[in-house]
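Q: Okay, handing you the structure first.
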Amino acid sequence: MTAVTASPRTAARETGRPELPPRSRRSRSRTVKTTIVAIIAYLVAIVFVLPYAEMFIVAGRTPAELLDQNLLPKSFTFSNFASIWATGFGGNLQTSLLVAGGATVLVFLVALPAAYYSARRRFRGRTLFLLLVLATQMFQPAAMLVGLQREFIDLGLPTIVSLILINAGFNLAFSVWILNAFFSSIPVELEEAAMVDGLSRFGALMRITIPLAMPGIVTALIFTFISAWNEFLVALTLSLASDPDQRPLTVAINGYIGQYSVDWGHLFAGSLIATVPVIILFALIEGRVVSGLTAGAIK
Amino acid sequence: MKSLRQTAAPVLWVGPAVALIAVVVLWPVVVMLESSIQHIGGEGFVAGYNGVANYLKLFAEPAFLGVLGRTVLWTVGVVAVTMLLSLGLAQLFDQAFPLRRVARWALILPWACSVMMTALIFRWMLDPHSGAINVVLHDLGLLDRFDSPEASWLGNPATAFVWMMVVAVFVSLPFSTYALLAGLQSIPGDIYEAAALDGANGWRRYATITLPLLRPAILVATLINVINVFNSFPIIWEMTGGGPGYATSTTTTFMVALKQGDVGESAAMSVINFALVIVIVLIYLRVTRWKEQVD
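Residue numbers (the numbering used here), protein chains in the order written: chain A, 1056 to 1354; chain R, 11 to 305.
Written out as structure tokens, the structure reads:
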């Protein structure tokens, strides 16, 4: 397995391009080209932002202006962001934190040793284990929902525990792959040198290997957290019997859709509260997610 | 003692991961297979095995063939459009321009945000009375009246399905574009240098160098998209609920809808979905040449 480098990829790329001799006509045509590229890219970026900007606008509309046929309301209010807490949203936020946080901790505890050991040792069953991980990465809860529902109802665990287990299980593969790649890229000689200097094997792991693999670990943990935080179908299926205040965020937000009317203001205020932290977390890892999702097939 | 340690060590390091996968990912498949040949009552009460009766009931559903056809259209259409657009977007965002990083952050929004929330904002924007898309169309003179059948995009199965495919493409673009960007960045710059010396122009260079070298990235991104789009639930569920009737359902939302009435029949639908997933996984394993990566 080749190394996943955490170095800035763009820098290497840009210096790899042939530099053309500086001639004024050519450089002017390049400026024009860059301007056109930038304008198109900004337009694309705006298209991607617009739906989420609209979320903010709807959440800020007063009830009187909610159904007005205009793009921007005359007044803007933050009252939906304040009054949503009276609908039990705090409890939903807490549940999602527990589920996503619990799944993240569990994935960390389970994936880290497995990834480290399979990167360092050629044990019997290693190939089978990696095949299992790679194959199950493509499995999603939606394809086996009935089985999940029946199994976890029979197990009779508290809903939060079931959701932690399921989210951890389905996100494990991503973490094992990305961590395996990071550990493989760290020369074993570094650990051996540290052990010559008197560290134990465990000490070498903690002081040398784990710090070097930190970008991979952070990526794995953030990705697991976000997936569990955003998960909807299993949460919807397993938390039907829960107290409305104890359901995860996505289910609570879905709950603002009533049989006869939809509480759009709270729905989008809640969506934004749920989404903003996740977008910030995702921006931290965006450059490294692809290599984990494609099992290293695309680096 | 050494041999005991040798056998015990892998179990200690790797065992928990295997156990978690076994309990959460593999065992539900067994339960699902079993449920598909059981007669299961309304409260989840099992009234014994009934062979292939659930499957026969599923195949006899009047909506079944339509659902299958729509699933093919949904998966193939969304993935094809996503990949074509992603090729363009990746090329665009691979160019150097000021504030490129910020523009790329905008691109990840639908990836980071829960798909159900993105689906709901589109449902709102398509509202026949005051949805933003209808407001814009009305301002442009393309829509005569609000609250008319023409404004009710989600009320008509055909237009609803097209719009849901648009949303599915929208949420699939970030991953695909990033995957292709990573693929583009793995192409060494000196290849282009050589091509420039040979006098190859932009399009020729793209067709003869970039596309062939992007092939692995395109294949892997396509397969992952196929899995994601095929299994997609929130978009259809939040925008039309699969209705009216089952007129905008795919096999995934159909399976969830069947679960309300007959768990055994829903399990039969799941088994068929899962069989398709297995086929895609086998292709994926071939394409990623997993053995070479593992060694």
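Glycine is no exception: its CB is placed at the ideal position from the N, C-alpha and C atoms. Please read all numbers here as calculations on a predicted model, not as lab measurements.
Which two residues bound the contiguous alpha helix (DSSP H) that contains H1321 of chain A?
A: 1319-1348
Q: Please determine, among A:G1145, A:L1288, A:A1158, the residue with the shortest C-alpha to C-alpha distance to A1329 of chain A.
A: A:G1145
Q: Once you ignore the five residues that flank S1297 of chain A on each side, which residues in its own chain have a CB closer than 7 Å to its CB?
A: T1214
Q: Put Y59 of chain R into one of helix, strand or coil per three-state DSSP.
A: strand
Q: Determine the closest residue to F103 of chain R out of R:A192, R:V89, R:M249, R:G76, with distance taken between C-alpha atoms.
A: Answer by Cα proximity: R:A192.
Q: With H, G and I counted as helix, E and B as strand and the rest as coil, what does DSSP make of H148 of chain R?
A: helix
Q: Chain R partners of F1225 of chain A, CB-CB under 8 Å?
A: Scanning chain R for C-beta atoms nearer than 8 Å to the C-beta of F1225 of chain A yields V34, V35, reported in chain order.
Q: For P226 of chain R and S196 of chain R, I'd like the C-alpha separation in whole angstroms.
A: Each residue's alpha carbon lies about 11 Å from the other.
Q: So, for A29 of chain R: in the same chain, excluding its five sequence neighbours on each side, which residues have a beta-carbon less than 7 Å away from its beta-carbon?
A: Only residues of its own chain outside the window of five on either side were considered, and among them none has a CB closer than 7 Å to the CB of A29 of chain R.
Q: Spell out whether any CB of chain R is found under 7 Å from the CB atom of A1061 of chain A.
A: Any reading at A1061 of chain A needs caution, since the residue's pLDDT is 39, under 50, leaving its predicted position unreliable; the model's value is listed next. Not an interface residue.
Q: Keeping to the same chain, check which residues put their C-beta closer than 7 Å to that of R114 of chain R; ignore five residues upstream and five downstream.
A: F103
Q: Chain A beta carbons: is any one of them nearer than 7 Å to that of N211 of chain R?
A: Chain A, which has no Cβ nearer than 7 Å to the Cβ of N211 of chain R, makes this no.
Q: Does any C-beta atom of chain A lie closer than 7 Å to the C-beta of M42 of chain R?
A: yes
Q: Name the two residues that bound the continuous alpha helix (DSSP H) containing Q48 of chain R.
A: Taken as a continuous stretch (DSSP letters only), Q48 of chain R belongs to no alpha helix (DSSP H), being part of the beta strand (DSSP E) at 48-50.
Q: Identify, in the order they occur along the chain, each residue of the same chain with its Cβ nearer than 7 Å to the Cβ of L1167 of chain A, setting aside the five sequence neighbours on each side.
A: L1234
Q: Sort out for me which residues DSSP pairs I1312 of chain A with in a bridge.
A: A:V1317
Q: For F55 of chain R, does the count of other Cβ atoms within 10 angstroms reach 16, so buried, or fall short, so exposed?
A: exposed
Q: Among the residues of its own chain, which have a CB less than 8 Å from the CB of T298 of chain R, if the five just before and after it don't count?
A: V230
Q: Can you find a CB in chain A that lies within less than 7 Å of the CB of M126 of chain R?
A: By this cut-off, M126 of chain R is an interface position.
Q: Leaving out the 5 sequence neighbours to the left and right, which residues in its chain are closer than 8 Å to L233 of chain R when beta-carbon positions are compared?
A: If we look at L233 of chain R and ignore the five residues flanking it on each side, its Cβ neighbours are I290, I293, Y294, V297.
Q: Going by DSSP in three states, G1241 of chain A sits in which element: helix, strand or coil?
A: Checking the displayed sequence, the identity of residue 1241 of chain A turns out to be Ile instead of Gly. It is coil, neither helix nor strand.
Q: Taking the C-alpha atoms as reference points, what is the distance between P1299 of chain A and A1324 of chain A?
A: P1299 of chain A and A1324 of chain A have their C-alpha atoms some 18 Å from each other.
Q: With L1210 of chain A as the anchor, note down where its alpha helix (DSSP H) starts and where it stops.
A: Bounds of the alpha helix (DSSP H) holding L1210 of chain A are 1200-1210.
Q: If we ignore side chains and look at the alpha-carbon of each, how far apart do T1150 of chain A and L221 of chain R end up?
A: Their Cα atoms are separated by approximately 46 Å.
Q: From the beta carbon of V21 of chain R, is the nearest beta carbon of chain A less than 7 Å away?
A: It does not: the Cβ of V21 of chain R has no partner Cβ on chain A nearer than 7 Å.
Q: Is any beta-carbon of chain R found at less than 7 Å from that of L1288 of chain A?
A: yes
Q: Over what stretch of residues does the alpha helix (DSSP H) that includes L1288 of chain A continue unbroken?
A: 1288-1293
Q: Residues of chain A with CB under 8 Å from A54 of chain R, in chain order?
A: One detail in the question is off: residue 54 of chain R reads as Gly in this sequence, not Ala. What G54 of chain R touches in chain A: R1205, I1208.
Q: Which residues in the same chain as E275 of chain R place their Cβ atom closer than 7 Å to its Cβ, once the five residues preceding and following it in sequence are excluded?
A: N64, K67, L68, L268
Q: Using the Cβ count rule (16 or more neighbours within 10 Å means buried), how would you classify H139 of chain R?
A: That one is exposed.
Q: What residue does the alpha helix (DSSP H) around A44 of chain R start on, and which one ends it?
A: Per the sequence presented here, residue 44 of chain R reads as Glu, with Ala not at that position. Counting along the chain, the alpha helix (DSSP H) containing E44 of chain R begins and ends at 37-45.
Q: Please confirm whether G61 of chain R and H49 of chain R have their CB atoms less than 7 Å apart.
A: Going by beta carbons, G61 of chain R and H49 of chain R fall outside the 7 Å limit.
Q: Within 10 angstroms of the Cβ of S1315 of chain A, are there 16 or more other Cβ atoms? Answer buried if so, exposed if not.
A: Per the sequence presented here, residue 1315 of chain A reads as Tyr, with Ser not at that position. In the assembly as shown, Y1315 of chain A is an exposed residue. Its beta-carbon has fewer than 16 other beta-carbons within 10 Å.
Q: What would DSSP say about K1129 of chain A, mapped onto helix, strand or coil?
A: Correct three-state label for K1129 of chain A: coil.
Q: Answer yes if the segment 18-38 of chain R comes into contact with the segment 1153-1172 of chain A, meaning at least three C-beta pairs across the two stretches below 8 Å, and no otherwise.
A: yes
Q: Determine the DSSP secondary structure at A1058 of chain A, reduced to helix, strand or coil.
A: Residue placement at A1058 of chain A is flagged as unreliable, the pLDDT there being 39, under the threshold of 50; the coordinate-derived value follows with that caveat. It is coil, neither helix nor strand.
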